[in-house]
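Engineer:
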Amino acid sequence: MADSFAVKLEEKKHYPDPLLKANAWVTDYARTYQEFLRDPAGFWEEIARELSWFEPWDRVLEWNYPYARWFVNGKLNITCNCLDRHVSSSRKDKPAIIWHGESGEKRVLTYEDLHREVMRFANGLLSLGIRKGDRVCIYMPLVPEQIVAMLACARIGAVHSVVFGGFGAGALSMRINDAEAKVLITADVGYRRGKTVPLREIALEALAQAPSIERVVVLRRARPAVELDGVREVDYAELMARSAPECPPEVMDAEDPLFILYTSGSTGAPKGIVHTCGGYAVGTYYTTKCVFDIKENDIYWCTADTGWITGHSYIVYGPLAVGTTVVIAEGTPDYPDPGAYWRIVQDLGVTIFYTAPTAIRMFMRYGDEWPKNYDLSSLRVLGSVGEPLNPEAFEWFYHVIGGGRCPIVDTWWQTETGMHMVTTMIGEPMKPGFAGKPIPGAVVDVVNRHGEPVAPGTGGFLVIKEPWPAMLRTVHGNDERYRAYWNTIPGCYTAGDLAVKDEEGYIMVLGRADDLIVVAGHNIGTAEVESALVSHRAVAEAAVIGKPDPLKGNVIKAFVTLCVGVAPGDGLTAELARHVRKNLGPIAVPAEIEYVDGLPKTRSGKIMRRVLKARELGMDPGDISTLEE
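Here is the structure:
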């Protein structure tokens, strides 16, 4: 790949209501960002003082490239910030979690309820021999007990490793073994599209290859209740019933590990990303509060699963630290029908709605009539996460769901960053297709492979130039993989994404660097071609790959899913080719277009282009443990 490449930018702005900016936590982005640059340590120290600490820090940051220590020698417990300080305030009886089951059941836990549950389960873990520093694996559906388990681990200083409940036995055993977990917490079943997912059966299969597990806690949901192995397995409800109601929080150093979360790459084994107690608490608290502009009466719904970093940071730790009401829902966006999400928004009066571009495009495919059947007037802020939000999906989300009144925070960040790094802060002009600018607290830029900033309109590598509190501290058991993030481009954390900035500093994320296609010496970003295809009225989703070509080096092949009611054909193929040519030029026109019923995606909604490429070329797809079945 060339050091940099030209990118055609078409900019459109949406200007939010000025009152949004006037009432936001960050009322002046430019001024706040400059204040951060003048005194980064002071900026983060002021935020950290909003949280509860047992002992203050000696220094805000100790930076020994590429290793950071934040809030050095500070002592805290993140659960005190998520629970205790709310229970001792007027939020005691405020709903902390509102859970919707797939079949319509509903549970509400106040902050006092959640606090009590967490302490009981923490004592239950202690009775099973878990102590500070021990690893606990959590393999559960999206139910309140999963959040209880995470917080209970944090309460006693155990390191949790949540494995998404959609993974199979092989992926689960690999993660258990890498973390050397002592206890597994699971459920008998999950529910998805009206069917049961046999989680316990999968877990037992995984445990045949996971010798470190000593005990298994099982949440029994199905009736009649499944019979447990009394030697190794213990019932969740029985463990809670026999556990004491009070559990003092373990005093944790700011740099003690909080959790290990595995993220997949295109090659090699998944990486166990390690996040620590202090910096992560500060970073997620700040971004939740200020990026979403959360106020006391908000009803906040992030549609991710807690098995992903989005769920960790923006379902559990960040929102609970802020003290908001969090909605979680087991199930899928279009079951039992495409109005499933909109019913919840209407019924609960959801004010902040944070979801993935994949879900937005799926809603678009079903048509405007579904959301228009529901009252969505409670919505105040919309958010996007997981991959670039293409302009067409932005416009639909903004106008159809938000009624043209809700700002959209299109967030760029990673499992490794732990927190938001780039977005458009509330009240700032929004540009469809652009994530936005670095948040106050983050130094993000677009550079060539030598670390030199590239000119506006020129594509390059997205990097982070300075440490931030919620940054990963290492890769569990493989510090060399951690150092690779900082050694690829001199003096920078390399995110692995391609991006471009405009004249105003707005950043557009183009996709993964390894998704770049070189056609006849020209660098073509997959996201650009896909966005051009999706902008056609007939196309619901698209993914493109590069195929080797003896003349051009590579040619572009597109995989396209069509909107409901649209039939494929040679005429449509020619029309799509003309459409891409008009938007991007002849170099970006796909040499092949294949119509498919669906695209391979991770359970978090990201399109797996490398799987398409592997299938096309007869190659090994690498790690596919995250693939949606």
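Per numbering that gives the first Met the number 0, residue 0 is the first one in the sequence shown, and the count goes up by one each step.
We put the beta carbon where it would ideally sit given N, CA and C, even for glycine.
Here's the rule: buried if 16 or more other CB atoms are within 10 angstroms of the residue's CB, otherwise exposed. What is L616?
Structural biologist: Along the sequence shown, read from residue 1 onward, the residue named residue 616 stands at position 617. Exposed.
Engineer: Can you tell me which of K91, V446, T572 and A243 puts its alpha carbon nearest to the alpha carbon of I592?
Structural biologist: Locating residue 592 in the sequence shown gives position 593, where the first residue counts as 1. It is T572.
Engineer: Determine, using beta-carbon pairs with one atom in the segment 62-73 and one in the segment 236-247, whether at least three such pairs fall under 8 angstroms.
Structural biologist: no
Engineer: By how many angstroms is the C-alpha of G271 removed from the C-alpha of D177?
Structural biologist: One-based indexing of the sequence shown puts residue 177 at position 178. One-based indexing of the sequence shown puts residue 271 at position 272. If I take the Cα positions, the gap works out to 8 angstroms.
Engineer: Helix, strand or coil, according to DSSP, for T473 in the structure here?
Structural biologist: Stepping through the sequence shown from its first residue, residue 473 is reached at position 474. DSSP places T473 in strand when its eight states are reduced to three.
Engineer: Quick check on the DSSP output: the alpha helix (DSSP H) that includes L257 runs from which residue to which?
Structural biologist: Residue mapping note: residue 257 aligns to position 258 of the sequence shown, counting from 1. For L257, there is no enclosing alpha helix (DSSP H); the residue is part of the beta strand (DSSP E) that begins and ends at P256 to T262.
Engineer: For L571, would you say it is in contact with chain D, using Cβ-to-Cβ distances shorter than 8 angstroms as the test?
Structural biologist: Of the protein chains in the structure, only one exists, and it is not chain D.
Engineer: Roughly how many whole angstroms lie between the Cα atoms of V661 and V508?
Structural biologist: As shown, the chain starts at 0 and ends at 628. That puts residue 661 outside it, with no answer to give.
Engineer: Please state the DSSP three-state secondary structure of T487.
Structural biologist: Working through the sequence shown from its first residue, we reach residue 487 at position 488. DSSP places T487 in coil when its eight states are reduced to three.
Engineer: Can you look up L509 in the DSSP assignment and give me helix, strand or coil?
Structural biologist: Within the sequence shown, numbered from 1, the residue matching residue 509 stands at position 510. Secondary structure of L509 (DSSP, three-state): strand.
Engineer: What residue from D496, E204 and V158 has the CA that sits closest to A170's CA?
Structural biologist: Walking along the sequence shown from the start, residue 170 turns up at place 171. Nearest C-alpha to A170: E204.
Engineer: Does the segment 493-503 come within contact of the segment 90-103, defined as at least 3 CB pairs closer than 8 angstroms?
Structural biologist: no
Engineer: If you drop the 5 nearest sequence neighbours on each side, which residues of the same chain put their C-beta closer than 6 angstroms to that of P567?
Structural biologist: Residue numbering aside, residue 567 sits at position 568 when the sequence shown is read from its first letter. For P567, where only same-chain residues beyond five positions count, the Cβ hits under 6 angstroms are Y594.
Engineer: Would you check if the distance between the CB atom of K12 and the CB atom of K294 is smaller than 8 angstroms?
Structural biologist: The count along the sequence shown starts at 1 and reaches residue 12 at position 13. The count along the sequence shown starts at 1 and reaches residue 294 at position 295. The answer is no: Cβ separation not under 8 angstroms.
Engineer: Do D255 and G156 have their CB atoms nearer than 8 angstroms?
Structural biologist: Within the sequence shown, the letter at position 256 stands for residue 255. Within the sequence shown, the letter at position 157 stands for residue 156. Yes. Within cutoff.
Engineer: Would you call K556 buried or exposed, if buried means 16 or more other Cβ atoms sit within 10 Å of its Cβ?
Structural biologist: Locating residue 556 in the sequence shown gives position 557, counting from the first residue. Buried, because 16 or more other Cβ atoms sit within 10 Å of the Cβ of K556.
Engineer: Nearest-angstrom Cα distance between A483 and N72?
Structural biologist: Here residue 483 refers to the residue found at position 484 when the sequence shown is read from its first residue. Here residue 72 refers to the residue found at position 73 when the sequence shown is read from its first residue. In a straight line, the C-alpha of A483 is about 27 angstroms away from that of N72.
Engineer: Taking DSSP as the reference, what is the three-state secondary structure of S89?
Structural biologist: By 1-based counting over the sequence shown, the position of residue 89 is 90. Correct three-state label for S89: helix.
Engineer: Return yes when the Cβ of G450 is within less than 8 angstroms of the Cβ of P489, no when it is not.
Structural biologist: The residue labelled residue 489 in the question sits at position 490 within the sequence shown. The residue labelled residue 450 in the question sits at position 451 within the sequence shown. Result yes, Cβ atoms of P489 and G450 sit closer than 8 angstroms.
Engineer: Just reading off the beta strand (DSSP E) that W300 is part of, what are its end residues?
Structural biologist: Translated into positions along the sequence shown, residue 300 becomes position 301. I298 to C301 is the extent of the beta strand (DSSP E) around W300.
Engineer: Could you compute how far the alpha carbon of H475 sits from the alpha carbon of G132?
Structural biologist: Walking along the sequence shown from the start, residue 475 turns up at place 476. Walking along the sequence shown from the start, residue 132 turns up at place 133. About 13 angstroms.
Engineer: Can the beta-carbon of D92 be found closer than 8 angstroms to that of T109?
Structural biologist: Within the sequence shown, residue 92 is the residue found at index 93, counting from 1. Within the sequence shown, residue 109 is the residue found at index 110, counting from 1. T109 is positioned such that its CB atom lies closer than 8 angstroms to that of D92.
Engineer: To the nearest angstrom, how far is it from the Cα of A590 to the Cα of V554?
Structural biologist: Reading the sequence shown from its first residue, position 591 is the one you call residue 590. Reading the sequence shown from its first residue, position 555 is the one you call residue 554. Cα to Cα, the separation comes out at about 6 angstroms.
Engineer: Counting C-beta neighbours from all protein chains within 10 Å, is the total for E391 16 or more, i.e. buried, or is it exposed?
Structural biologist: As a working mapping, residue 391 is identified with position 392 in the sequence shown. The residue is buried, with at least 16 neighbouring Cβ atoms inside 10 Å.
Engineer: Once the 5 residues before and after W341 are set aside, which same chain residues still bring their CB inside 6 angstroms of it?
Structural biologist: The residue given as residue 341 occupies position 342 in the sequence shown. Within the same chain, W341 has close Cβ partners P370 and Y373.
Engineer: Check whether the Cβ atoms of C136 and R191 lie closer than 8 angstroms to each other.
Structural biologist: On the sequence shown, residue 136 is found 137 positions in, with the first residue counted as 1. On the sequence shown, residue 191 is found 192 positions in, with the first residue counted as 1. Contact: no.
Engineer: For P437, list the residues DSSP reports as bridge partners.
Structural biologist: What you label residue 437 is simply residue 438 of the sequence shown in a count that begins at 1. According to DSSP, P437 bridges with V421.
Engineer: Below 8 angstroms on the Cβ atoms is my contact criterion, and I expect V445 with I506 to pass it. Report the Cβ-Cβ distance as a whole number of Å.
Structural biologist: Walking along the sequence shown from the start, residue 445 turns up at place 446. Walking along the sequence shown from the start, residue 506 turns up at place 507. Right, their Cβ atoms sit about 7 angstroms apart.
Engineer: Whole angstroms are fine: how far does the CA of V610 sit from the CA of T266?
Structural biologist: Residue numbering aside, residue 266 sits at position 267 when the sequence shown is read from its first letter. Residue numbering aside, residue 610 sits at position 611 when the sequence shown is read from its first letter. Unreliable positioning characterises T266 in this predicted model, as indicated by a pLDDT of 42, which lies under 50. The coordinate reading is nonetheless provided below. Rounded to whole angstroms, T266 to V610 spans 11 angstroms at the Cα level.
Engineer: Confirm, please, whether the CB-CB distance from A469 to T309 is below 8 angstroms.
Structural biologist: Residue numbering aside, residue 309 sits at position 310 when the sequence shown is read from its first letter. Residue numbering aside, residue 469 sits at position 470 when the sequence shown is read from its first letter. Not a contact, by the Cβ cut-off of 8 angstroms.
Engineer: Exposed or buried, what is A632 when buried is set at 16 or more other beta-carbons lying within 10 Å of its beta-carbon?
Structural biologist: Limits of the chain in this structure are 0 at one end and 628 at the other, which puts residue 632 out of reach.
Engineer: Would you report the Cα separation of D16 and H535, rounded to the nearest angstrom?
Structural biologist: Position 17 of the sequence shown, counting from 1, holds the residue named residue 16. Position 536 of the sequence shown, counting from 1, holds the residue named residue 535. Computed Cα separation, rounded: 30 angstroms.
Engineer: Are the CB atoms of A186 and L227 nearer to each other than 8 angstroms?
Structural biologist: Numbered from 1 along the sequence shown, position 187 holds the residue referred to as residue 186. Numbered from 1 along the sequence shown, position 228 holds the residue referred to as residue 227. Contact: no.
Engineer: If you drop the 5 nearest sequence neighbours on each side, which residues of the same chain put their C-beta closer than 6 angstroms to that of H578?
Structural biologist: As a working note, residue 578 is residue 579 in the sequence shown. Excluding residues within five positions, the ones whose Cβ falls inside 6 angstroms are H535.
Engineer: Between which two residues does the alpha helix (DSSP H) containing R115 stretch?
Structural biologist: Within the sequence shown, numbered from 1, the residue matching residue 115 stands at position 116. Per DSSP, R115 belongs to the alpha helix (DSSP H) from Y110 to S126.
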